[in-house]
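Enquirer: My questions will all concern the structure given below.
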Ligand SMILES: [Zn+2]
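In this note's numbering, the protein residues as written are 1 to 739.
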């Protein structure tokens with residue numbers, strides 16, 4: 001683990017309370033005797049500290065700064081005489097230097113009106129009790145800078161001593177920071193004919209919180225939909241991956257339990273999905289609004305797979321545990337090596353070295369406080385805010401969570417050293433196909449005769465449920481098998497053991513009694529039965545019969561010509577046969593890159609037709625469908641003829657400024673926005689361009705800082721363009737005033 005450079009301590013800030021002052025005054029009166037009339041001391045403004053924050057910081061600036069991440073400087077000021085009726089209303093300026101050279105024009109405060117009232121007393125929890133500045137792009141590049149803040153630079157307020165109106169930061173180091181790569185799956189399922197799915201807003205909230213909170217300069221993600229089936233309607237499936245005990249009179253059909261989703265997504269990914277094998281994987285699913293599952297999510301560090309749920313059709317913007325962003329940042333924190341932090345007291349396997357009581361991010365005697373840059377794209381009123389120190393760490397189970405310095409630093413170190421978690425290259429599908437560049441992120445896979453065994457074990461009841469069994473000649477990633485108290489047994493028709501694979505189930509650290517079977521083992525021909533044996537119970541706790549013959553799929557066809565439009569419903573049909581007469585279920589895969597990589601579109605399909613929305617397919621010159629038939633264990637598959645799919649435009653999204661914001665001429669306006677594309681993932685800076693209807697082009701990048709927009713009303717437009725020149729736009733309107 002790399003150690004972090006800790007900048008030298010700056011000015012410690014002492015918060016003198018009103019009570020302390022009164023006590024002090026009384027003591028002075030007693031010491032000095034009564035009734036002497038002294039002239040009041042001349043008023044004196046004084047800078048008492050400068051804090052540089054990206055998400056969490058103390059007044060010593062001990063938390064590392066990450067290159068390229070939005071950075072804010074707070075400058076604290078006081079004066080000795082408190083005048084609540086006529087406080088001075090003052091401005092300040094911030095200068096930056098690299099190697100002794102100026103970084104450019106001094107910055108004005110970003111406070112409304114570029115001024116604050118200086119009361120003498122101040123509270124660090126109030127944004128406008130201090131000056132704050134946002135550092136422009138060339139100030140937050142890798143390396144060292146120093147800052148110099150001057151309050152009341154034009155000496156509007158009469159003082160005897162102006163020398164203490166200036167503070168220097170000491171050396172601040174922006175550390176190199178790697179981007180985080182994520183693979184999101186919107187897990188959707190059919191229940192009684194209706195599709196239950198998380199919303200795009202849910203994913204946007206997770207992405208937004210990761211960008212705001214995590215020690216990363218960049219998040220590069222892709223997202224897909226995986227459709228499953230809980231039965232009902234015209235579809236019937238056995239066994240359904242929907243074992244939750246919940247059911248109501250209106251919907252007697254079951255819904256997936258968390259373990260169902262976990263095991264299915266883990267099994268599908270490790271068996272079939274060869275794209276992005278090392279990216280962190282987060283599966284989000286939805287429950288009907290009247291259903292609550294005890295666990296919000298789960299994560300497996302080794303497998304880099306996590307899941308969480310949200311309520312279908314709801315929007316939660318506040319800081320409750322139910323916020324999808326809260327669930328995502330917590331579970332992805334597990335994937336980045338973080339254990340739980342104690343807050344409710346029920347957090348399983350807590351981190352004993354977490355430094356602050358009650359799981360707080362700061363606590364009483366530390367000076368850590370959070371800073372949230374907000375996201376007006378989620379809600380126009382959601383802008384900058386201070387996160388107080390009594391909020392708790394995101395790895396706890398409490399509401400009102402933010403990232404502590406402890407978790408921030410640990411995640412930073414993990415990301416810098418974890419192999420494969422991060423890559424800055426855009427995972428461009430379009431480039432890989434159109435420009436014939438080898439796709440970077442395809443697992444070579446493992447070829448052989450393999451059996452995927454996924455399911456759950458209730459360790460207290462000693463019962464197992466095997467929900468996904470599949471025999472394949474090629475799998476993506478064989479999970480580590482650590483011998484333990486459970487066994488996958490392959491038995492022949494005479495019940496003789498052909499193979500015995502001892503394993504340790506995966507514990508998702510949630511502290512319940514259910515653990516996950518997630519193994520891929522060599523298959524042995526002649527196997528007539530697969531059993532799970534427990535050394536604890538000293539008996540078999542699950543058994544699945546294996547029929548001798550594999551199913552055969554033929555003639556996978558679709559009802560359009562081989563040029564699929566960007567948005568259409570294409571109907572697939574096929575014929576399949578199982579020589580043993582077993583019931584068949586199907587999994588549908590898609591390849592956009594001429595069969596190099598595959599991903600799952602749907603699983604648990606029954607019948608012989610299935611409709612695909614081409615809007616969910618990456619554009620390609622040469623793609624395929626692959627249908628895998630499963631008779632319970634054995635599989636057979638067929639590929640479609642190759643086809644092309646029209647590419648999709650990216651979606652542009654502006655996080656800042658808020659629509660309707662007003663700025664004073666000369667004030668820096670932070671423009672933050674992103675482009676997301678189904679083919680190219682998260683678009684890089686070169687593919688994001690900004691303009692104003694008054695001032696023309698403003699520049700390119702996800703974060704730019706124009707300073708002198710002309711006075712008037714501006715329509716600000718972000719154009720995101722993908723690698724095939726398709727574009728998406730977003731706009732906000734802001735006003736620049738003269739004063
Ligand atoms: Zn957890």
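Quick reminder that beta carbons are idealized off the backbone N, C-alpha and C, glycines included.
Whole-angstrom Cβ separation of residue 462 and residue 541, contact assumed at under 8 Å?
Expert: Rounded, the Cβ-Cβ distance is 6 Å, consistent with contact.
Enquirer: Look at residue 310 and residue 199 and say whether their C-beta atoms are less than 9 Å apart.
Expert: A contact, by the Cβ cut-off of 9 Å.
Enquirer: Is any non-hydrogen atom of ligand 1 found closer than 8 Å to the C-beta of residue 259, if you look at the structure I gave you?
Expert: The answer is no for residue 259.
Enquirer: Below 8 Å, can you find three or more Cβ-Cβ pairs linking the segment 548-558 to the segment 473-487?
Expert: With the cut-off at 8 Å, the segment 548-558 and the segment 473-487 do not touch.
Enquirer: Between residue 636 and residue 584, what straight-line distance do the alpha-carbon atoms span, to the nearest angstrom?
Expert: Going from the Cα of residue 636 to the Cα of residue 584 covers about 10 Å.
Enquirer: How many angstroms separate the CA atom of residue 171 from the CA atom of residue 142?
Expert: Near 13 Å, if we compare the C-alpha coordinates of residue 142 and residue 171.
Enquirer: What distance in whole Å lies between the Cβ atoms of residue 589 and residue 610, which are believed to be in contact at a cut-off of 8 Å?
Expert: Not a contact, Cβ separation roughly 12 Å.
Enquirer: Keeping to the same chain, check which residues put their C-beta closer than 6 Å to that of residue 513; ignore five residues upstream and five downstream.
Expert: The answer, listed in chain order, is 458, 459 and 460.
Enquirer: Could you please give me the residues that DSSP links to residue 652 through a beta bridge?
Expert: 675.
Enquirer: Tell me the residue span of the alpha helix (DSSP H) that contains residue 331.
Expert: Counting along the chain, the alpha helix (DSSP H) containing residue 331 begins and ends at 324-335.
Enquirer: What's the C-alpha gap between residue 57 and residue 261?
Expert: If I take the Cα positions, the gap works out to 37 Å.
Enquirer: Do the segment 660-668 and the segment 625-639 meet, that is, are 3 or more Cβ pairs less than 8 Å apart?
Expert: No, they do not touch.
Enquirer: Would a check of beta-carbon distances place residue 171 closer than 9 Å to chain C?
Expert: No chain C is part of this structure, which consists of one protein chain only.
Enquirer: DSSP three-state call for residue 201: helix, strand or coil?
Expert: Reduced to three states, the DSSP call for residue 201 is helix.
Enquirer: Taking the alpha-carbon positions, what's the residue 543 to residue 469 distance?
Expert: The straight-line gap from Cα to Cα measures roughly 11 Å.
Enquirer: Based on DSSP bridge pairs, tell me the residues matched to residue 755.
Expert: Only positions 1 to 739 of the chain appear in the structure, and residue 755 is not among them; the question remains open.
Enquirer: Per the contact definition of three or more C-beta pairs closer than 8 Å, is the segment 358-372 in contact with the segment 293-313?
Expert: Contact between the segment 293-313 and the segment 358-372 is absent, because fewer than three Cβ pairs lie under 8 Å.
Enquirer: If you check the beta carbons only, do residue 560 and residue 566 fall under 9 Å apart?
Expert: Result no, Cβ atoms of residue 560 and residue 566 do not sit closer than 9 Å.
Enquirer: Residues around ligand 1, please: the ones whose beta-carbon is closer than 6 Å to some heavy atom of it, in chain order.
Expert: Qualifying residues, in the order they occur: 330, 334 and 340.
Enquirer: Comparing C-alpha positions only, which one of 709, 486 and 719 sits nearest to residue 651?
Expert: Comparing Cα-Cα distances from residue 651 to each of 709, 486 and 719, the minimum goes to 719.
Enquirer: Give the C-beta separation of residue 684 and residue 722 to the nearest angstrom, bearing in mind that I take them to be a contact with Cβ-Cβ under 8 Å.
Expert: With a Cβ gap of about 11 Å, residue 684 and residue 722 do not count as contacting.
Enquirer: Taking the alpha carbon of residue 608 as the reference point, which residue from 120, 576 and 597 has its own alpha carbon closest?
Expert: Residue 608 has its Cα closest to that of 576, out of 120, 576 and 597.
Enquirer: By alpha-carbon positions, which one of 55, 92, 391 and 87 ends up nearest to residue 47?
Expert: Residue 92 is the option with its Cα nearest to residue 47.
Enquirer: Is residue 24 helix, strand or coil when you go by DSSP?
Expert: In this prediction, residue 24 scores a pLDDT of 41, lower than 50, which makes its location untrustworthy; the coordinate-derived value is nonetheless stated afterwards. In this structure, residue 24 counts as helix in the three-state DSSP scheme.
Enquirer: Can you tell me the Cβ-Cβ gap for residue 177 and residue 345, rounded? I've got them flagged as a contact below 8 Å.
Expert: That belief does not hold up - the Cβ atoms of residue 177 and residue 345 are roughly 34 Å apart, past 8 Å.
Enquirer: Just to confirm the assignment, what range does the alpha helix (DSSP H) spanning residue 267 have?
Expert: Here the alpha helix (DSSP H) through residue 267 covers 258-271.
Enquirer: Whole angstroms is fine: what's the gap from residue 404's alpha carbon to residue 213's?
Expert: If I take the Cα positions, the gap works out to 10 Å.
Enquirer: Would you mind working out which of 101, 167 and 524 sits nearest residue 151, comparing C-alpha positions?
Expert: Measuring from the Cα of residue 151, the nearest candidate turns out to be 167.
Enquirer: My output table needs one value for residue 428: the three-state DSSP class, helix, strand or coil.
Expert: Confidence is the limiting factor: at residue 428 the pLDDT is only 46, short of 50, which leaves the residue's position unreliable, though a coordinate-based value still follows. Three-state DSSP puts residue 428 in coil, outside helix and strand.
Enquirer: Measuring alpha carbon to alpha carbon, tell me which residue in 227, 275, 267 and 334 is nearest residue 285.
Expert: That would be 227, whose Cα lies nearest to the Cα of residue 285.
Enquirer: Per DSSP, what kind of secondary structure is residue 177 in: helix, strand or coil?
Expert: Three-state result, residue 177: coil.
Enquirer: Taking the alpha carbon of residue 549 as the reference point, which residue from 562, 563, 571 and 525 has its own alpha carbon closest?
Expert: Comparing Cα positions, the closest option is 525.
Enquirer: Could you check which residue in 156, 108 and 221 has the C-alpha nearest to that of residue 707?
Expert: When only C-alpha atoms are compared, the closest one is 108.
Enquirer: According to DSSP, simplified to helix, strand and coil, what is residue 409?
Expert: DSSP places residue 409 in helix when its eight states are reduced to three.
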